[in-house]
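The numbering used here puts the sequence shown at residues 27 to 238.
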Amino acid sequence: MSRIAIIGGHGKVALHLARILSGAGHQVSSVIRNPDHAADVAATGATPVTADVEHLDTSALAELVAGHDAVVFSAGAGGGSPDRTYAVDRDAAIRVVDAAAQSDVRRFVMVSYFGAGPDHGVPSDNSFFHYAEAKAAADEHVRASSLDWTVLGPSTLTEEPATGKIDVGGSSASVSREDVALVAATVLGDDATIKRTIEFNNGATPIAEALA
27 MSRIAIIGGH GKVALHLARI LSGAGHQVSS VIRNPDHAAD VAATGATPVT
77 ADVEHLDTSA LAELVAGHDA VVFSAGAGGG SPDRTYAVDR DAAIRVVDAA
127 AQSDVRRFVM VSYFGAGPDH GVPSDNSFFH YAEAKAAADE HVRASSLDWT
177 VLGPSTLTEE PATGKIDVGG SSASVSREDV ALVAATVLGD DATIKRTIEF
227 NNGATPIAEA LA
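See below:
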């Protein structure tokens with residue numbers, strides 16, 4: 027059994043992940059900003075923790091994640107203003123990475139997207155540009171850290187039920203949110219995925235095999 031903190035605990039991927047991890051016997055702390063979401067989190071078997079990571083400094087975040095074995099960053103501004111996108115998807119993510127290092131929580135899984143990076147290719151006049159810039163900066167920060175990181179790059183997210191099968195690499199297509207959660211749960215238990223960026227779609231290969 028491990029103790030796992032999920033940042034952004036009311037997101038759809040995060041709720042699936044909390045249910046999967048709790049069902050496997052892990053202790054899950056799901057960090058949420060809105061206390062009205064606590065019941066949804068508790069229903070997964072996770073412990074809801076109300077904290078606004080957008081406004082907590084690194085020391086406060088270090089206290090939040092201390093004592094856990096792993097952190098999964100799955101928070102996002104959810105299409106808010108550019109300022110809020112940078113505040114959550116870049117700045118808060120960077121502070122959580124630093125907080126994990128400060129609290130010696132070695133394992134870190136960053137949920138990003140397929141094609142993220144400095145060469146994302148999104149035009150500056152596209153509404154997705156600020157998100158792409160923010161994620162590129164956050165991903166690069168965790169890669170440069172001393173943590174045992176994995177960056178996940180799922181393609182376009184769907185509401186389809188999980189298939190348990192993916193294809194790694196190729197070009198971006200689509201993947202179910204529940205399968206993204208299954209991938210995150212799998213990498214947490216697979217040290218061979220440390221220091222890897224894994225871009226994936228739904229596909230034909232069982233997840234554990236696809237990640238090998």
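Glycine residues also receive a C-beta, built at the ideal position from the N, C-alpha and C atoms.
Just so it is clear, the structure is predicted and the values come from calculations on it, not from any experiment.
| Check | Outcome |
| --- | --- |
| Nearest-angstrom Cα separation, counted from V114 out to I33 | 11 Å |
| Whole-number beta carbon distance between A119 and A164, since they are thought to touch under 8 Å | 4 Å |
| N-terminal and C-terminal residue of the alpha helix (DSSP H) that P108 is part of | P108 to T111 |
| Assumed close pair G93, R29 - CB separation to whole angstroms, cut-off 8 Å | 6 Å |
| Environment of P61 [buried if 16+ CB atoms lie within 10 Å] | exposed |
| Cutoff 7 Å; reference Q128; Cβ partners in own chain excluding five residues on either side | T84 and A88 |
| Exposure label - T176; buried when at least 16 CB within 10 Å | buried |
| Start-to-end residues for the alpha helix (DSSP H) that takes in A72 | Unbroken run through A72: none, as it is neither H nor E. |
| Collapsed DSSP secondary structure at I224 in the structure displayed | strand |
| C-alpha distance - P149 paired with F155, whole-angstrom precision | 6 Å |
| Top-ranked residue by Cα proximity to G195, from L214, N228 and A69 | N228 |
| Under 8 Å between C-beta atoms of V39 and V57 | no |
| Whether G37 touches A44 by CB criterion (8 Å) | no |
| Candidates Y112, S200, G147 and V97, of which the one nearest A211 by Cα | V97 |
| Sub-8 Å separation of L178 and I220 beta-carbons | no |
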